[in-house]
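Report on the structure given below.
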Amino acid sequence: MKLQTKTTNWKTKLHEIIYEADTKAGKWFDIILIITILISIVLVMLESVESFDAKYHNFLNISEWIITILFSIEYIARIVTIKKPSSYIFSFYGIIDFLATIPKYLSIIFVGTHALIALRALRLLRVFRILKLARYIGASRNLITALKASRIKISVFLFSVLVLTIILGTVMYLIEGPKNGFTSIPHSMYWAIVTLTTVGYGDLAPHTPFGQFIASIVMILGYGIIAVPTGIVTSEMTKADSNTLINTQHCPNCSEDKHQNTAVFCHKCGSKLNHE
Numbered sequence: 008m009k010l011q012t013k014t015t016n017w018k019t020k021l022h023e024i025i026y027e028a029d030t031k032a033g034k035w036f037d038i039i040l041i042i043t044i045l046i047s048i049v050l051v052m053l054e055s056v057e058s059f060d061a062k063y064h065n066f067l068n069i070s071e072w073i074i075t076i077l078f079s080i081e082y083i084a085r086i087v088t089i090k091k092p093s094s095y096i097f098s099f100y101g102i103i104d105f106l107a108t109i110p111k112y113l114s115i116i117f118v119g120t121h122a123l124i125a126l127r128a129l130r131l132l133r134v135f136r137i138l139k140l141a142r143y144i145g146a147s148r149n150l151i152t153a154l155k156a157s158r159i160k161i162s163v164f165l166f167s168v169l170v171l172t173i174i175l176g177t178v179m180y181l182i183e184g185p186k187n188g189f190t191s192i193p194h195s196m197y198w199a200i201v202t203l204t205t206v207g208y209g210d211l212a213p214h215t216p217f218g219q220f221i222a223s224i225v226m227i228l229g230y231g232i233i234a235v236p237t238g239i240v241t242s243e244m245t246k247a248d249s250n251t252l253i254n255t256q257h258c259p260n261c262s263e264d265k266h267q268n269t270a271v272f273c274h275k276c277g278s279k280l281n282h283e
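Okay, so the sequence shown: first residue is 8 according to the numbering used here, each after it adds one.
Have a look at this one:
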């Protein structure tokens, strides 16, 4: 009984360090992990530079193995410290953690010159590690919530922009015509999208005075259109900040997050949350 209590306390403490960012140990764990992730991403980028890889291949390889082992320990620790491992293993971040760790081990299997192409493709999967950063950015949760809340408004906005580009493409096709490069309505719609988004590749431009006048209006209109989705998302983020007080508490049973600061039990499975 005493041994079981010690094991439970050990797992509970490790769970708080790994999953919680409200504790001092949890914050340090997240900071160290973020730095490690960033270093691993830099190593992947440097490895893609042939001249650098040829000169420092051994250093890059050893460094990558060290980071892979550290990520493997973290992955195993996350599984061990939760009562329902499958809830983490098959979650979004669980899959990302797996994809970020496994390529280096697979490189042992794929040896020889005939597997170099496959090996190169497998190494690219390490870029998935950058998605691990999202877990440790507190504001990302509010951003996701705001995007979900504003998805209908943004969908209506995008539909309106689509209708506008169809109209503008048709008008410009009638005004400019094939002789000025507007060979079809879809091609004219391409010009409308490029102009409306203020990208302006310059590969297609109106030549007639009336066409240039419409293009000027579209360019000015583009700045206003860019501001609309920004305002929608910002409004929803403000609501999320003012109406929701969510901490980083993870349920030790099902790994569910997004709990209120005053929550004692998990809102998904009902298990008691760990509190200091």
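Backbone N, C-alpha and C fix where the C-beta goes; we use that ideal spot for every residue, glycine too.
Contact set for residue i: own chain, Cβ-Cβ below 6 Å, skip 5 residues either direction
i      : result
Asp223 : The sequence shown places Ser at residue 223, not Asp. So the list is empty, once near-sequence residues are dropped.
Ala199 : Thr172, Leu175, Gly176
Ser278 : Cys258, Asn260
Cys276 : Asn260, Cys261
Thr205 : Gly229
Nearest candidate by alpha-carbon position, reference residue i, set the options
i      : options                        : result
Leu203 : Leu171, Ile182, Phe78          : Leu171
Asn173 : Pro193, Gly184, Phe164         : Correcting the residue type first, residue 173 is Ile in the shown sequence and not Asn. Measuring from the Cα of Ile173, the nearest candidate turns out to be Pro193.
Cys261 : Thr241, Ser195, Tyr26          : Tyr26
Phe78  : Leu106, Phe59, Lys62           : Leu106
Ser242 : Val201, Ser157, Asn187, Ser278 : Ser157
Gln219 : Ser191, Asn187, Gly238         : Asn187
Glu7   : Asn16, Ser55, Lys90            : Here the chain has residues from 8 to 283 only, and residue 7 is not among them.
Pro185 : Thr215, Ile115, Ile73, Ile159  : Thr215
C-beta atoms of residue i and residue j nearer than 9 Å
i      : j      : result
Glu71  : Leu40  : no
Met179 : Gly207 : no
Thr75  : Lys18  : no
Pro213 : Ile233 : no
Ile161 : Leu154 : yes
Ile96  : Ile102 : yes
Tyr230 : Leu211 : no
Pro236 : Phe189 : no
Per-residue burial, residue i [other beta carbons within 10 Å of its own, 16 or more giving buried]
i      : result
Ser47  : buried
Gly209 : exposed
Ile44  : buried
Ile284 : Absent from the structure is residue 284, since the part of the chain shown begins at 8 and ends at 283.
Pro110 : buried
Val56  : exposed
Ser114 : buried
Val51  : buried
Ser191 : exposed
His195 : According to the sequence shown, residue 195 is Ser rather than His. Classification for Ser195: buried.
Cutoff 7 Å; reference residue i; Cβ partners in own chain excluding five residues on either side
i      : result
Ala84  : Leu21, Ile25
Phe59  : Leu53
Phe36  : Ile24, Ile25
Val240 : Ala153, Leu154, Ser157
Ile86  : Pro92, Tyr95, Ile96
Leu67  : Leu50, Leu53, Glu54, Asp60
Val201 : Gly207, Tyr208
Asn301 : In this structure the chain extends from 8 to 283, so residue 301 is not present and cannot be described.
Any non-hydrogen atom of the ligand COA closer than 8 Å to residue i Cβ
i     : result
Ile42 : As presented, the structure is devoid of all ligands, the ligand COA included, so that no description of it is given.
Beta bridge counterpart(s) of residue i as assigned by DSSP
i      : result
Lys279 : Phe272
Residues near residue i in its chain [Cβ-Cβ closer than 8 Å; skip 5 each side]
i      : result
Thr108 : Thr75, Phe78, Ser79, Tyr82
Leu228 : Leu203
Ile221 : Leu175, Val178, Met179, Ile182, Pro213
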